[in-house]
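Be aware that the sequence shown starts at 1, since it is given in UniProt numbering, and climbs by one per residue. The beta-carbon is built from N, C-alpha and C at its ideal position, and this holds for glycine as well. Working notes, structure below.
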Amino acid sequence: MTLDPFYLIVDSAAWIERLAPLGVRLVQLRIKDGAEAELRAEIRKARDLCHAHGCQLIVNDYWRLAIEEGCDFVHLGQEDLAEADLPAIRRAGLRLGISTHDHDELETALAAEPDYVALGPIYPTRLKKMKWDPQGLDRIAQWKKRIGDVPLVAIGGLTPDRLKGVFAHGADCAAVVTDITLNSDPEARTATWIETTARWR
Numbered sequence: 001m002t003l004d005p006f007y008l009i010v011d012s013a014a015w016i017e018r019l020a021p022l023g024v025r026l027v028q029l030r031i032k033d034g035a036e037a038e039l040r041a042e043i044r045k046a047r048d049l050c051h052a053h054g055c056q057l058i059v060n061d062y063w064r065l066a067i068e069e070g071c072d073f074v075h076l077g078q079e080d081l082a083e084a085d086l087p088a089i090r091r092a093g094l095r096l097g098i099s100t101h102d103h104d105e106l107e108t109a110l111a112a113e114p115d116y117v118a119l120g121p122i123y124p125t126r127l128k129k130m131k132w133d134p135q136g137l138d139r140i141a142q143w144k145k146r147i148g149d150v151p152l153v154a155i156g157g158l159t160p161d162r163l164k165g166v167f168a169h170g171a172d173c174a175a176v177v178t179d180i181t182l183n184s185d186p187e188a189r190t191a192t193w194i195e196t197t198a199r200w201r
């Protein structure tokens, strides 16, 4: 499986409506809280928007809703992975991405036979306080050697200026949140990411 090298992560379908038309090809909808009806509506809207713009949607955490709404990709953190019904996810034809932060988590992830593995944070991140120190570029190379052909997603503190090193060390895909969503001009920043990642597409 091949992932687009530019992996956008947003917390609402409104962001997808705003940025997908610019040429985004891979986006994760990551909503942390909400009533089921609201979550379902957001996932459904995001699914339809992505379909309309030729963009692949990855639903974070809510694997049951992703199955019910006919999505094709789900991303799980380690806690969610422990509670998820992996056979049900596979029966539904969903592809699976899993977050990792240390060697034990990587082994847990690989046992689930994921379609991609995410590693982070590569650099310090503004998104949330994390118990893990920044992984650094050398850890990307270690992870890639371990996982082989499984796509590797780097996340955490990434900017267009840092992408050359990230890809040179073995990442297949670079995920971004705040460098775009907290930018004063998210559209222009998205265009910069698309242009910068084009050489790895």
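- By the CB criterion at 8 Å, Arg25 and Gly54 fall inside the cutoff.
- The residue from Asp179, Lys144 and Ser184 with its alpha-carbon nearest to that of Phe167 is Lys144.
- Cys173 sits in a strand when the DSSP states are folded into three classes.
- Ala66 is the residue among Ala66, Lys164, Thr100 and Asp48 whose C-alpha sits nearest the C-alpha of Leu86.
- Excluding residues up to 5 positions away in sequence, Pro5 and Phe167 lie with their Cβ nearer than 6 Å to the Cβ of Trp200 in the same chain.
- Annotation for Ile147: the continuous alpha helix (DSSP H) segment containing it runs Leu137 to Ile147.
- For Asp172, the number of other beta carbons within 10 angstroms of its own is at least 16, and it is reported as buried.
- Look at Thr181 here: in three-state DSSP terms it is helix.
- Taking C-beta atoms as the reference points, Ala175 and Val150 fail to come closer than 8 Å.
- Val166: member of the alpha helix (DSSP H) spanning Leu163 to Ala168, first to last residue.
- DSSP, read as helix, strand or coil, puts Ala88 in helix.
- Between Gly156 and Thr125, the CB-CB gap stays under 8 Å.
- Of the residues assessed, Ala20 falls on the buried side of the cut-off, its CB having 16 or more other CB atoms within 10 angstroms.
- For Thr196, the enclosing alpha helix (DSSP H) has its first and last residue at Pro186 to Thr197.
- Thr2 counts as exposed, since fewer than 16 other beta carbons sit within 10 angstroms of its beta carbon.
- The alpha-carbon separation between Thr190 and Ile43 amounts to approximately 22 Å.
- If you look at Thr108, you'll find it in the alpha helix (DSSP H) that goes His103 to Ala111.
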